[in-house]
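Engineer: After the structure tokens below, expect a handful of questions from me.
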Amino acid sequence: MKQEEKTSQSDMKTDDQRVGSSGAPAPTGKEAAPQLQSGKWQTLLVVAIGVFMATLDSSIVNISLPAIARNFGVPLSGAVEWVIIAYLVVTAAVLLTAGRLADMVGRKSVWLTGLVVFTGSSALCGLAPSLTFLIAARALQGFGGALLMAVSPAMLTAAFPSHERGRALGLNAIIVALGVSIGPILGGFITGYFSWRWIFYVNLPIGILGLIATLTFIKEKVQRRPGRFDPLGAILLAVGLASLTAGLSFAQELGWGSPPILALLIVGVLALIILPFVELRVPNPAIVLSLLKNRVFTSALLSLIISFLALFAVSFMLPFYLEELRGFSTELSGLLLTPLPLTIAFIAPFSGSLADRIGTRWLAAGGLAIAGLGLVFVSFLNAHTSIWGIVWPLLVTGIGQSIFQSPNNSALLGAAPPQHQGSASGFLATARTMGQSLSIALAGAIFSALGGAAAGGILASGHAGGQMAQLQHTFVYSFHQTFIVCACIAVVGVLASLVRGKETPRAKSR
Numbered sequence: 015m016k017q018e019e020k021t022s023q024s025d026m027k028t029d030d031q032r033v034g035s036s037g038a039p040a041p042t043g044k045e046a047a048p049q050l051q052s053g054k055w056q057t058l059l060v061v062a063i064g065v066f067m068a069t070l071d072s073s074i075v076n077i078s079l080p081a082i083a084r085n086f087g088v089p090l091s092g093a094v095e096w097v098i099i100a101y102l103v104v105t106a107a108v109l110l111t112a113g114r115l116a117d118m119v120g121r122k123s124v125w126l127t128g129l130v131v132f133t134g135s136s137a138l139c140g141l142a143p144s145l146t147f148l149i150a151a152r153a154l155q156g157f158g159g160a161l162l163m164a165v166s167p168a169m170l171t172a173a174f175p176s177h178e179r180g181r182a183l184g185l186n187a188i189i190v191a192l193g194v195s196i197g198p199i200l201g202g203f204i205t206g207y208f209s210w211r212w213i214f215y216v217n218l219p220i221g222i223l224g225l226i227a228t229l230t231f232i233k234e235k236v237q238r239r240p241g242r243f244d245p246l247g248a249i250l251l252a253v254g255l256a257s258l259t260a261g262l263s264f265a266q267e268l269g270w271g272s273p274p275i276l277a278l279l280i281v282g283v284l285a286l287i288i289l290p291f292v293e294l295r296v297p298n299p300a301i302v303l304s305l306l307k308n309r310v311f312t313s314a315l316l317s318l319i320i321s322f323l324a325l326f327a328v329s330f331m332l333p334f335y336l337e338e339l340r341g342f343s344t345e346l347s348g349l350l351l352t353p354l355p356l357t358i359a360f361i362a363p364f365s366g367s368l369a370d371r372i373g374t375r376w377l378a379a380g381g382l383a384i385a386g387l388g389l390v391f392v393s394f395l396n397a398h399t400s401i402w403g404i405v406w407p408l409l410v411t412g413i414g415q416s417i418f419q420s421p422n423n424s425a426l427l428g429a430a431p432p433q434h435q436g437s438a439s440g441f442l443a444t445a446r447t448m449g450q451s452l453s454i455a456l457a458g459a460i461f462s463a464l465g466g467a468a469a470g471g472i473l474a475s476g477h478a479g480g481q482m483a484q485l486q487h488t489f490v491y492s493f494h495q496t497f498i499v500c501a502c503i504a505v506v507g508v509l510a511s512l513v514r515g516k517e518t519p520r521a522k523s524r
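Going by this note's numbering, the first residue of the sequence shown is number 15, and it counts up by one from there.
Written out as structure tokens, the structure reads:
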């Protein structure tokens with residue numbers, strides 16, 4: 015234990031020496047990094063509980079939407095979609111601000127607040143007497159989830175010595191992948207044998223366990239508190255990201271040219287354009303723009319957004335392929351989606367540990383290149399592909415994504431100075447959320463424009479008749495073109511990883 019403390023102190027000292035060359039401001043007398051004084055494995059356990067709960071919830075709800083719609087007597091399209099979108103919108107709006115707040119008041123405080131809010135709002139979701147109440151509770155749940163996801167990478171990087179950062183993030187990737195992969199299976203089981211309300215109640219024992227573990231194991235010393243929080247910047251950031259997320263979420267349903275979508279997108283863009291002018295004029299901005307001066311940080315951030323823009327289309331599009339074109343059951347479709355996250359869970363820790371030894375640049379670029387090749391293989395799925403023919407392209411994509419993810423995240427967090435690790439974590443979580451939203455919007459737009467969505471709807475209805483072959487051809491062609499575009503986007507991400515340049519001496523020696 016003493017050896018770990020010495021290593022941690024040495025790492026912190028090296029961090030402080032390096033900050034000046036990173037392009038980010040050095041610590042001042044007003045602002046110093048909160049220091050976690052907990053064992054690294056205890057911290058990993060605590061983070062794992064919270065991250066598993068948040069990622070499980072993000073994937074468990076989708077499969078229960080039909081049951082929720084029937085319970086409240088509403089159609090599956092329309093207001094019930096806000097059960098998903100309210101969570102996403104609030105999460106996107108809060109992530110960056112939550113990360114900055116963690117730097118100011120301490121990561122443990124933000125983490126505990128997230129656990130309490132998420133667990134309490136889960137109980138409210140389960141008790142919801144109306145759809146409106148459920149949507150409001152889901153928005154509150156999104157706030158709690160944002161606090162957890164924004165601060166978790168910073169807690170890990172503070173607890174683990176820097177030469178094990180990639181390993182820690184790889185282990186964290188296991189928890190994320192397990193939550194994502196178990197969610198649909200568990201959600202289908204709970205909804206089928208109990209009630210949709212229990213998909214929310216399942217969070218209660220997990221959340222309570224997380225609270226007990228946090229209070230027991232996590233010790234943190236916040237050395238000094240900075241000045242006042244920047245409310246105007248936080249509001250502009252929230253309005254901008256929330257508006258963009260809502261606009262992208264509803265664009266396919268309402269149409270890109272519809273007044274509500276145009277209004278949301280315009281408001282979102284204007285708010286984000288105004289934001290830098292406000293932030294550069296306040297002493298304690300809500301978003302630390304100076305981090306973007308660091309070439310490694312900005313390159314890793316851009317690569318992350320592009321990777322999710324390209325790769326999240328698999329999770330979004332495959333259910334349509336499996337259920338509409340192939341006619342598979344929901345249970346089988348959910349099972350066939352698990353190879354991707356399970357591959358990430360298996361390989362990410364190894365790629366993270368390898369990045370600690372050889373650096374992140376080539377691993378990130380090579381991993382995203384493999385994932386892009388996997389997207390090309392996915393694009394060739396058709397109406398007669400075997401089960402194995404469906405699985406192995408997902409394995410290739412998962413292998414590439416897992417090789418990319420931990421090293422890239424390690425580079426991003428390693429490029430930020432200690433006192434801005436919370437902000438860096440917020441950038442990371444926001445990039446992931448926005449990349450996913452953009453991926454859904456882009457893939458949906460291409461697929462719909464080429465007629466795939468309409469063809470899939472007719473095939474699923476069972477009224478194809480003599481048009482079966484033509485509808486299948488339209489669906490497969492649209493599916494193919496969508497993933498070819500995504501593969502091309504992945505190539506751009508590879509280039510973004512390569513142009514980051516050499517990593518700092520700290521990233522290699524730590």
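Glycine included, C-beta positions come from ideal geometry on N, C-alpha and C.
Excluding the 5 residues preceding and the 5 following I319 in the sequence, name in chain order all residues of the same chain whose CB lies nearer than 6 Å to its CB.
Structural biologist: If we look at I319 and ignore the five residues flanking it on each side, its Cβ neighbours are A445, G449.
Engineer: Tell me where the alpha helix (DSSP H) around W55 begins and ends.
Structural biologist: Here the alpha helix (DSSP H) through W55 covers 54-74.
Engineer: Return the CA-CA distance between S451 and F322, expressed in angstroms with no decimal places.
Structural biologist: Using only the alpha carbons, I get a separation of about 9 Å.
Engineer: Out of T205, P297, L316, which has the shortest C-alpha to C-alpha gap to L306?
Structural biologist: Ranking the options by Cα distance to L306, first place goes to L316.
Engineer: Could I get the ranges of all uninterrupted alpha helix (DSSP H) runs contained in the region 460-502, with 4 residues as the minimum, in chain order?
Structural biologist: You should have 466-475.
Engineer: In three-state terms, what does DSSP make of I232?
Structural biologist: If DSSP states are grouped into helix, strand and coil, I232 belongs with coil.
Engineer: Taking Cβ positions, are G140 and R211 nearer each other than 8 Å?
Structural biologist: Cβ distance < 8 Å, so G140 and R211 count as in contact.
Engineer: In chain order, what residues of the same chain have a beta carbon less than 8 Å from the beta carbon of F330, not counting five sequence neighbours either side?
Structural biologist: Excluding positions up to five away in sequence, the list reads S453, I454, A457, G458.
Engineer: What separation, rounded to the nearest whole angstrom, lies between the Cα atoms of T344 and K233?
Structural biologist: Cα-Cα distance, rounded: 44 Å.
Engineer: What residues in its chain sit with their C-beta under 8 Å from that of L512, if we drop five residues either side in the sequence?
Structural biologist: Within the same chain, L512 has close Cβ partners R375, A379.
Engineer: Measure the C-alpha to C-alpha separation of E338 and H477 and round it to an integer number of angstroms.
Structural biologist: If you take the alpha carbons of E338 and H477, they lie about 12 Å apart.
Engineer: Could you tell me whether the region 157-169 touches the region 116-136, where touching means 3 or more Cβ pairs closer than 8 Å?
Structural biologist: The answer is yes - the region 116-136 touches the region 157-169, with three or more Cβ pairs under 8 Å.
Engineer: Sorted by chain position, which residues of the same chain lie with C-beta nearer than 8 Å to L162's C-beta, five sequence neighbours on each side aside?
Structural biologist: Cβ neighbours of L162 beyond the five flanking positions: G64, V65, M67, A68, W125, G128, L129, F132.
Engineer: In terms of residue numbering, what span does the alpha helix (DSSP H) encompassing F360 cover?
Structural biologist: Start and end: 353-372.
Engineer: Quick one: is P297 buried, meaning 16 or more other Cβ sit within 10 Å of its Cβ, or exposed?
Structural biologist: It is exposed - the Cβ of P297 has fewer than 16 other Cβ atoms within 10 Å.
Engineer: Quick check on T105: does DSSP put it in helix, strand or coil?
Structural biologist: In the structure shown, T105 sits in a helix (DSSP, three-state: H, G or I).
Engineer: Can you tell me whether P143 is helix, strand or coil according to DSSP?
Structural biologist: P143 falls in the coil class under three-state DSSP.
Engineer: Kindly list the residues whose CB is nearer than 8 Å to the CB of L223, restricted to its own chain and excluding five residues on each side of it in sequence; keep chain order.
Structural biologist: Around L223: I63.
Engineer: Is it buried or exposed, C500, if we count other Cβ atoms within 10 angstroms and call 16 or more buried?
Structural biologist: Buried, because 16 or more other Cβ atoms sit within 10 Å of the Cβ of C500.
Engineer: Considering only the alpha carbon of each residue, which of V490, S123, L148, L109 lies closest to W96?
Structural biologist: Out of V490, S123, L148, L109, L148 has the C-alpha closest to the C-alpha of W96.
Engineer: Who are the near neighbours of A151 in its chain, counting only those whose CB is closer than 7 Å to its CB and skipping five residues on each side?
Structural biologist: Here the set comprises S135, L138, C139, A142.
Engineer: For L192, I'd like the list of residues in its chain whose CB is within less than 7 Å of its CB, leaving aside the five on either flank, ordered along the chain.
Structural biologist: Taken in chain order, the residues that qualify are F66, A359.
Engineer: When DSSP labels each residue in this structure, what does P297 get in the three-state scheme?
Structural biologist: Three-state DSSP puts P297 in coil, outside helix and strand.
Engineer: Whole angstroms are fine: how far does the CA of A252 sit from the CA of A40?
Structural biologist: Reliability of the predicted coordinates at A40 is poor, the pLDDT of 41 falling under 50, and the value obtained from them is presented with this limitation in mind. For A40 and A252, the distance between alpha carbons rounds to 27 Å.
Engineer: Three-state secondary structure (DSSP) at G221?
Structural biologist: The answer is helix: DSSP assigns G221 an H, G or I state.
Engineer: In terms of alpha-carbon separation, which member of A227, F231, I196 lies closest to V216?
Structural biologist: It is I196.
Engineer: So, S78 versus I213, is the Cβ gap smaller than 8 Å?
Structural biologist: Their beta carbons are under 8 Å apart, which means S78 touches I213 by this criterion.
Engineer: Could you give the DSSP three-state label for L268: helix, strand or coil?
Structural biologist: Reduced to three states, the DSSP call for L268 is helix.
Engineer: Could you spell out where the alpha helix (DSSP H) holding W212 opens and where it closes?
Structural biologist: That run of the alpha helix (DSSP H) goes 212-215.
Engineer: Using 8 Å as the threshold, is the C-beta distance between A248 and K54 below it?
Structural biologist: Taking 8 Å as the Cβ cut-off, A248 and K54 do not qualify as a contacting pair.
Engineer: Does the region 399-409 come close enough to the region 347-357 that 3 or more CB-CB pairs lie under 8 Å?
Structural biologist: Short answer: they touch.
Engineer: Contact between the region 278-294 and the region 480-488 is defined here as three or more beta-carbon pairs at a separation below 8 Å; is this criterion met?
Structural biologist: No, the region 278-294 does not touch the region 480-488.
Engineer: In angstroms, rounded to a whole number, what distance separates the CA positions of F326 and L262?
Structural biologist: Taking the straight line from one Cα to the other gives about 14 Å.
Engineer: Return the Cβ separation of L368 and L377 in integer angstroms, given the expectation that the two are a contact with Cβ distance under 8 Å.
Structural biologist: Right, the Cβ-Cβ distance comes to about 6 Å (below 8 Å), so this counts as a contact.
Engineer: Taking only the alpha-carbon atoms, compute the straight-line gap between I74 and G120 and give it to the nearest angstrom.
Structural biologist: The straight-line gap from Cα to Cα measures roughly 30 Å.
Engineer: Start and end of the alpha helix (DSSP H) containing G206?
Structural biologist: Where G206 is concerned, the enclosing alpha helix (DSSP H) stretches over 179-207.
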